[in-house]
Amino acid sequence: MVGSNLSASFSSILLAGGRSSRMGKDKALLRFGSGNLLDYMQAKLSELGCTDITVSRNQTGFVTDTLPGQGPLSGLHACLPHCRFTKVLVVPVDMPALTAETLLPLLNNQASASYYQDCALPCVLTNSKELKTDIERQLSAPNGRRSVFALLQRFNAQALSCQNESQLVNTNTPEQWSQLCQIHGQTQEWMHES
Numbered sequence: 020m021v022g023s024n025l026s027a028s029f030s031s032i033l034l035a036g037g038r039s040s041r042m043g044k045d046k047a048l049l050r051f052g053s054g055n056l057l058d059y060m061q062a063k064l065s066e067l068g069c070t071d072i073t074v075s076r077n078q079t080g081f082v083t084d085t086l087p088g089q090g091p092l093s094g095l096h097a098c099l100p101h102c103r104f105t106k107v108l109v110v111p112v113d114m115p116a117l118t119a120e121t122l123l124p125l126l127n128n129q130a131s132a133s134y135y136q137d138c139a140l141p142c143v144l145t146n147s148k149e150l151k152t153d154i155e156r157q158l159s160a161p162n163g164r165r166s167v168f169a170l171l172q173r174f175n176a177q178a179l180s181c182q183n184e185s186q187l188v189n190t191n192t193p194e195q196w197s198q199l200c201q202i203h204g205q206t207q208e209w210m211h212e213s
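In our numbering, the protein residues as written are 20 to 213.
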């Protein structure tokens, strides 16, 4: 566990509620390691020292979007009230190459919000009434800016340089998934819901 390298306790939101339309299959259920991406990423957050993990996933047993179909901001909106700590690490389920070395600079940064240049996720946010109000306003506005990057800009998040940008790659398509599996020596089997 690398939690001893952290400056403060934190909550994590694992975004696993997307439609996975480009992948053609539910990304959270893709086989990775000894289970699926969802299990793998939850274990990774636990190993980082997180004791408060909230999963945004539109299925029973998880936190579901209160405003479905609105993207990651809707997942954040639904999960923030469940977070016990002020500092919140937000991670997508489809970035299994992330390591503690990459996440620790975000968590130890003193800014109220931080992310890596040109990559809105992962990011760290301060769980506040202002954050929740801003997200609600963007989700309810007909022309709201519903991207995580726009949210980070509105909160003057600090953009950090990443030492290993290859860890910041999402696996959105079967081709990207295949490439990631080859790099990590994984099979390309699909998990099936039971």
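The C-beta atom is built at its ideal place from N, Cα and C for all residues, glycine as well.
From the DSSP secondary-structure annotation, give me the bridge partner or partners of residue i.
i	result
Thr73	Ile32
Val167	According to DSSP, Val167 bridges with nothing at all.
Thr95	In the sequence as displayed, the identity of residue 95 is Leu instead of Thr. DSSP lists no partner for Leu95.
Leu57	DSSP, once it has assigned bridges, lists no residue as partnering Leu57.
Tell me which residue opens and which closes the beta strand (DSSP E) that residue i is part of.
i	result
Cys142	138-145
Ser133	133-135
What is the DSSP secondary structure of residue i, reduced to helix, strand or coil?
i	result
Phe174	coil
Ser107	One point to set straight first is that residue 107 is Val, not Ser, in the sequence displayed. DSSP places Val107 in strand when its eight states are reduced to three.
Asn191	coil
Asn24	helix
Phe51	strand
Leu67	coil
Ser197	helix
Since I believe residue j is in contact with residue i (beta carbons under 8 Å), could you give me their beta-carbon distance rounded to a whole number of angstroms?
i	j	result
Leu57	Val109	Not a contact, Cβ separation roughly 15 Å.
Val107	Ile32	6 Å
Thr55	Leu64	Here residue 55 is Asn; the residue named in the question, Thr, does not match the sequence. Not really, about 15 Å apart at Cβ, beyond 8 Å.
Leu126	Val143	6 Å
Ala47	Ala62	With a Cβ gap of about 14 Å, Ala47 and Ala62 do not count as contacting.
Cys102	Ser30	4 Å
Leu67	Leu122	6 Å
Leu199	Thr190	5 Å
Leu218	Tyr134	The first residue shown for the chain is 20 and the last is 213, placing residue 218 beyond what the model contains.
Just curious, the alpha helix (DSSP H) that residue i is in, first and last residue?
i	result
Thr121	119-127
Gln186	Note, Gln186: premise wrong, no alpha helix (DSSP H); not H, not E.
Thr85	Taken as a continuous stretch (DSSP letters only), Thr85 belongs to no alpha helix (DSSP H), as it is neither H nor E.
Asp153	148-159
Stretch-stretch touch, CB-based, cutoff 8 Å, three pairs: the stretch 157-164 with the stretch 84-101: The stretch 157-164 is in contact with the stretch 84-101.
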